[in-house]
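Chemist: Under mature numbering (1 follows the signal peptide of the UniProt record, and there is no 0), the residues of the sequence shown are numbered -34 to -1, 1 to 278, in order. Built from N, CA and C at the ideal position, the CB exists for glycine as well.
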Amino acid sequence: MTRPDHRCPAGRSPLRLASALLAAGLLAGAPAHAGPAEDYIAAHTKAEAEVAAAVKAGKSDGDIEKLSTPLLKDLEKRMVGLLGPLAFKGTQKKPVFMPSSLNPDYLESKEPDGLLFSGADLTTRYFVSPEPIFTQWLAARAKEEDAAPELRLGLKGAMGTEPFYFAVLGTDAAFIKYMDLPVTAGEGESVTAALGLFTQSGQQNDPPSSIVFTRIGDGRVVVGTADLKANIKPLPACEKLWKEANAKATKLEDAAAKTKNDEDPRWKEAETVREAGGDAFRACFVKAAPGLPFFPGAVKRAEELVQAARGK
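1) On the three-state DSSP scale, how would you describe Val149?
2) For the alpha helix (DSSP H) that Gly257 lies in, which residues bound it at each end?
3) Taking all protein chains shown into account, do 16 or more other C-beta atoms lie within 10 angstroms of the C-beta of Asp29, making it buried, or fewer, making it exposed?
4) Closest by CA to Gln273, which one among Lys226, Val21, Pro36, Ile182?
5) Can you tell me whether Leu(-8) is buried or exposed, with buried defined as 16 or more other CB within 10 angstroms of its CB?
6) Report buried or exposed for Ser34, applying the criterion of at least 16 other Cβ atoms within 10 angstroms of its Cβ.
7) Given this structure, state the Cα-to-Cα distance separating Asp87 from Ala192, to the nearest angstrom.
8) Under 8 Å by Cβ, that's how I've got Ala211 and Gly243 pegged, so tell me the actual separation to the nearest angstrom.
9) Taking 8 Å as the cut-off, decide whether the C-beta atoms of Leu201 and Ile177 are in contact.
10) Please confirm if the region 202 to 209 is in contact with the region 247 to 254, defined as three or more CB-CB distances below 8 Å between the two stretches.
11) May I ask you to list the residues that DSSP assigns as paired with Phe63?
12) Going by beta carbon distance, what residues of the same chain come within less than 8 Å of Leu81, once the five residues before and after it are set aside?
13) Tell me which residue opens and which closes the alpha helix (DSSP H) that Asp220 is part of.
14) When you compare only the Cα positions, how much space is there between Gly277 and Ala19?
15) Please classify Thr101 as buried or exposed, where buried requires at least 16 neighbouring CB atoms within 10 angstroms.
16) Can you tell me the Cα-Cα spacing of Asp220 and Asn171, whole angstroms?
17) Output the boundary residues of the beta strand (DSSP E) element that contains Gly168.
18) Going by DSSP in three states, Thr191 sits in which element: helix, strand or coil?
19) To the nearest angstrom, how far is it from the Cα of Tyr131 to the Cα of Ala105?
20) In whole angstroms, what separates the C-alpha of Ala3 from that of Lys217?
21) Determine the DSSP secondary structure at Ala159, reduced to helix, strand or coil.
22) Considering only C-alpha positions, which residue in the set Ala113, Pro70, Asp138 is nearest to Pro129?
23) How many Å lie between Val149 and Leu271 at the Cα?
24) If you count every other CB in all the chains shown that lies within 10 Å of the CB of Thr137, and 16 or more means buried, which is it?
25) Taking 6 Å as the limit between beta carbons, can you name the residues of its chain near Ala246, skipping five residues before and five after?
26) Thinking C-alpha only, which one of Glu31, Asp146, Gln166 is nearest Thr158?
27) Tyr92 by DSSP, collapsed to three states: which one?
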């Protein structure tokens, strides 16, 4: 990954300067054209309002698409200009601009602003966003009524949490975090990495299959994931915890099914028991993981991914 040479006083890039101003609370009172990041935020806000007005007016899907397409292209052009030329090993050269929709009725409109670089199989992904723009998106998400509490902790408080990775990378699958991986932060940056699992079926007895990571530095936020690529053998003690809970939950479900009553409390009880079994499996795995053969390789892989995110 390479960074453009934006020549500014004292060697500070526009993105880094905007990030510093944002952290100091100065952007809110800045003029409309304080910088390209603020111009982007203003353009996105205006585009959202135009599309929302069209939706409220009952415009057809075709009309809304015609309105949205040039607005999204304009935002993409601005974003590419902000981030400059980027490349990540193992990903396609042309990234996908996010958000992919401005229609407030679509979940895609909640996506963070930035560029998503993906491998051919989509298991390797790097999402990149200017820090002030990403911070503004996160603050907006945090204000939503159903926002996870972790998203209300600010960027450095939210990074590395399950809701954070789900919001940025989850698409149609929730992220279950198993454990943090030790990665070393360089000067002036914040980094984190973790083992986890993207799933649509909730916590069960599945071992982690993904490494996720976040880097904040140089005026950018990079959030990514890659396959763990490790052969993790079953752990009998952990499997036992899951199987016992799953068997108990199945019995409760069978009993509830016989009543033909969707409101039978045993349905909810079974769900709770199964979730507890999944949590017990995860806790058991986390305790054993540092002593398992796969772990050193996972830590090394996490360091490599964070290094790639630095673009050095």
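Modeler: Short version:
1) Residue numbering aside, residue 149 sits at position 183 when the sequence shown is read from its first letter. In the structure shown, Val149 sits in coil (DSSP, three-state: anything other than H, G, I, E or B).
2) Within the sequence shown, numbered from 1, the residue matching residue 257 stands at position 291. Segment: none, Gly257 is in no alpha helix (DSSP H) and carries neither H nor E.
3) The sequence position of residue 29 within the sequence shown is 63, counting from 1. Flag for Asp29 reads exposed.
4) Residue 273 sits at position 307 when you count from the first residue of the sequence shown. Selected option, being the one with the closest Cα: Ile182.
5) Taking the sequence shown and counting its residues from 1, the one referred to as residue -8 is at position 27. Here Leu(-8) scores only 40 on pLDDT, less than 50, and its place in the model is too uncertain to base an answer on.
6) What you label residue 34 is simply residue 68 of the sequence shown in a count that begins at 1. Answer is buried; the Cβ neighbour count reaches 16.
7) Position 121 of the sequence shown, counting from 1, holds the residue named residue 87. Position 226 of the sequence shown, counting from 1, holds the residue named residue 192. So the alpha carbons of these two residues sit roughly 10 Å apart.
8) By 1-based counting over the sequence shown, the position of residue 211 is 245. By 1-based counting over the sequence shown, the position of residue 243 is 277. So it is a contact: roughly 2 Å between Cβ atoms.
9) The residue you call residue 201 lines up with position 235 of the sequence shown. The residue you call residue 177 lines up with position 211 of the sequence shown. No; because the gap between Cβ atoms is not below 8 Å, this pair is not in contact.
10) yes
11) Within the sequence shown, numbered from 1, the residue matching residue 63 stands at position 97. Note: Phe63 sits in a beta bridge opposite Leu81.
12) On the sequence shown, residue 81 is found 115 positions in, with the first residue counted as 1. Contacts found: Met45, Val46, Leu49, Leu52, Pro61, Val62, Phe63, Met64, Phe93, Val94, Ser95.
13) Taking the sequence shown and counting its residues from 1, one reaches residue 220 at position 254. That run of the alpha helix (DSSP H) goes 202 to 225.
14) Your numbering for residue 277 matches position 311 in the sequence shown. Your numbering for residue 19 matches position 53 in the sequence shown. C-alpha separation (whole angstroms): 40 Å.
15) Numbered from its first residue, the sequence shown carries residue 101 at position 135. That one is buried.
16) Numbered from 1 along the sequence shown, position 254 holds the residue referred to as residue 220. Numbered from 1 along the sequence shown, position 205 holds the residue referred to as residue 171. Spanning the two alpha carbons is a distance of roughly 21 Å.
17) If you number the sequence shown from 1, residue 168 lands on position 202. Neither: Gly168 is in no beta strand (DSSP E) and is coded neither H nor E.
18) Taking the sequence shown and counting its residues from 1, one reaches residue 191 at position 225. Three-state result, Thr191: strand.
19) Within the sequence shown, numbered from 1, the residue matching residue 131 stands at position 165. Within the sequence shown, numbered from 1, the residue matching residue 105 stands at position 139. Cα to Cα, the separation comes out at about 15 Å.
20) Here residue 3 refers to the residue found at position 37 when the sequence shown is read from its first residue. Here residue 217 refers to the residue found at position 251 when the sequence shown is read from its first residue. So the alpha carbons of these two residues sit roughly 56 Å apart.
21) As a position in the sequence shown, residue 159 is number 193, starting the count at 1. Note: Ala159 maps to strand in three-state DSSP.
22) Against the sequence shown, residue 129 aligns to sequence position 163. Answer by Cα proximity: Ala113.
23) Taking the first residue of the sequence shown as position 1, residue 149 is located at position 183. Taking the first residue of the sequence shown as position 1, residue 271 is located at position 305. If I take the Cα positions, the gap works out to 10 Å.
24) On the sequence shown, position 171 is the one that residue 137 refers to. Per the 10 Å Cβ criterion, exposed.
25) Position 280 of the sequence shown, counted from the start, is the residue given in the question as residue 246. Excluding positions up to five away in sequence, the list reads Leu207.
26) Locating residue 158 in the sequence shown gives position 192, where the first residue counts as 1. The shortest C-alpha separation from Thr158 is found at Asp146.
27) The sequence position of residue 92 within the sequence shown is 126, counting from 1. Tyr92 falls in the strand class under three-state DSSP.
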